[in-house]
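In numbering that gives the first Met the number 0, the protein residues as written are 0 to 257. Before any comments, here is the structure.
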Amino acid sequence: MPEFLLVTPQARPGVALLQLNRPKELNALNLGLMHEIRDALGALDADAAVRAVVITGNDRAFAAGADIRAMAGKGPVDMLLADHVTFWDQLRLTRKPLVAAVAGFALGGGCELALACDLVVAAETAQFGQPEIRLGTLPGGGGTQRLARAVGKAKAMEMVLTGDFIGAPEALRLGLVNRVVPAGQHLAEAFRLAARIAAQPPVAVRLAKEAVNFAFESHLAAGLQFERRSYYLTFASGDQREGMAAFLEKRPPEFTGQ
Ligand code: CO8
């Protein structure tokens, strides 16, 4: 039974919910919470009834970063051996689409958690930042890489070197989030988005997610080759035949996941 995380495998049909639950610490990511998210994601990814996962916090904080109290006295070898990396690796390798529903603070490791998701829905109250520099360190959960890819070098450099936060409207303008909704509506909107993805054929969703992610890991020629092969592979799925037949027969498709 997780201690710091609420897990609802079918919060909506086909959509799971992970809710970070350390409210007094603004959902600071201690090792226990990171491992609980890792293990829950591994189980949900293996569950064929789950087609998308929403990750959220509470109205005050999505997550205010790695747990500073737990980290303060550590040395580099403690950090190396503490096994944070399996958490970040699980996020990167999860095949099901991840939708972050963010209100309040998404800072440090919390911003990196949002950046590691595939889509981000933000409430107007959301604030994003990488304040590690003010603590004498730097983002360690992929922030320098993913933020630079998401918002470009100039803004990433400014955020990482000053530690300044940005609000939801600026995050939207910069392409860090998909949409901004009024306070209190971010979770409902994230569920709506996740449900739309959950209704799509899962084989094609999986291959499409892999192909988009590949754009950030390769040069163009390799990415185009990867995309083309994934595209051809969908023609081995029943859902591709069903999707195209349904279009031609002017009826809604019935996807089976095969
Ligand atoms: N870690 C531990 N406790 C925290 C954290 C945190 N990151 N953030 C907030 N808290 C705690 C506070 O200590 C406080 O606890 P208490 O009531 O016991 O004093 C409680 O949450 C409420 O916080 P505040 O009283 O400070 O609330 P405010 O509304 O005044 O301020 C802020 C809210 C602005 C969010 C402020 O709490 C803050 O600046 N927090 C720290 C943000 C930060 O620096 N985050 C980056 C942390 S470093 C990091 O994330 C590195 C990631 C590397 C990932 C890879 C792992 C190896």
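From the three backbone atoms N, C-alpha and C, an ideal C-beta is built for every residue, glycine too.
Distance between residue j and residue i (C-alpha atoms, nearest Å)
| i | j | result |
| --- | --- | --- |
| Pro181 | Ala60 | 15 Å |
| Leu92 | Lys73 | 28 Å |
| Thr136 | Ala63 | 15 Å |
| Gly183 | Asn57 | 10 Å |
| Val176 | Arg94 | 20 Å |
| Ala198 | Ala10 | 15 Å |
| Ala115 | Arg21 | 20 Å |
| Ala203 | Arg50 | 12 Å |
| Pro201 | Leu16 | 18 Å |
| His185 | Leu19 | 15 Å |
| Phe86 | Val52 | 16 Å |
| Pro251 | Glu169 | 38 Å |
Residue i Cβ short of 7 Å to the ligand CO8 heavy atom set
| i | result |
| --- | --- |
| Ala122 | no |
| Met78 | yes |
| Ala65 | yes |
| His34 | no |
| Val114 | In the sequence on display, residue 114 carries Leu and not Val. No, since every heavy atom of the ligand CO8 falls outside the 7 Å radius drawn around the Cβ of Leu114. |
| Phe104 | yes |
| Leu258 | With the chain running from 0 to 257 in the structure shown, residue 258 is simply not present. |
Paired residues, beta bridge with residue i - DSSP
| i | result |
| --- | --- |
| Arg178 | Val120 |
| Thr7 | Leu16 |
| Gly183 | Gly183 pairs with nothing; no bridge assigned. |
| Ala65 | Leu28 |
| Gly166 | Gln126 |
| Ala99 | Ile54 and Val119 |
Limits of the beta strand (DSSP E) - the one that residue i falls within
| i | result |
| --- | --- |
| Val52 | Ala51 to Thr55 |
| Gln89 | First-last for Gln89: Val84 to Leu92, but that is the alpha helix (DSSP H), not the beta strand (DSSP E). |
| Gly135 | Looking at the DSSP string, Gly135 is not in any beta strand (DSSP E), and its letter there is neither H nor E. |
| Leu16 | Val14 to Leu19 |
| Gln126 | Gln126 to Gly128 |
| Ala269 | Limits of the chain in this structure are 0 at one end and 257 at the other, which puts residue 269 out of reach. |
| Ala62 | Ala60 to Ala62 |
| Phe104 | Phe104 to Leu106 |
Segment limits, alpha helix (DSSP H) that includes residue i
| i | result |
| --- | --- |
| Pro75 | Pro75 to Leu80 |
Three-pair Cβ contact test at 8 Å for the segment 164-173 versus the segment 118-138: yes
Counting Cβ pairs, one atom from each stretch, are 3 or more of them under 8 Å apart for the segment 44-51 and the segment 67-83? no
Given 8 Å as the limit, is there contact between the segment 153-163 and the segment 211-222, that is, 3 or more CB pairs closer than that? no
Indicate whether the contact test is met: 3 or more Cβ pairs, each with one atom in the segment 25-33 and one in the segment 237-250, closer than 8 Å. no
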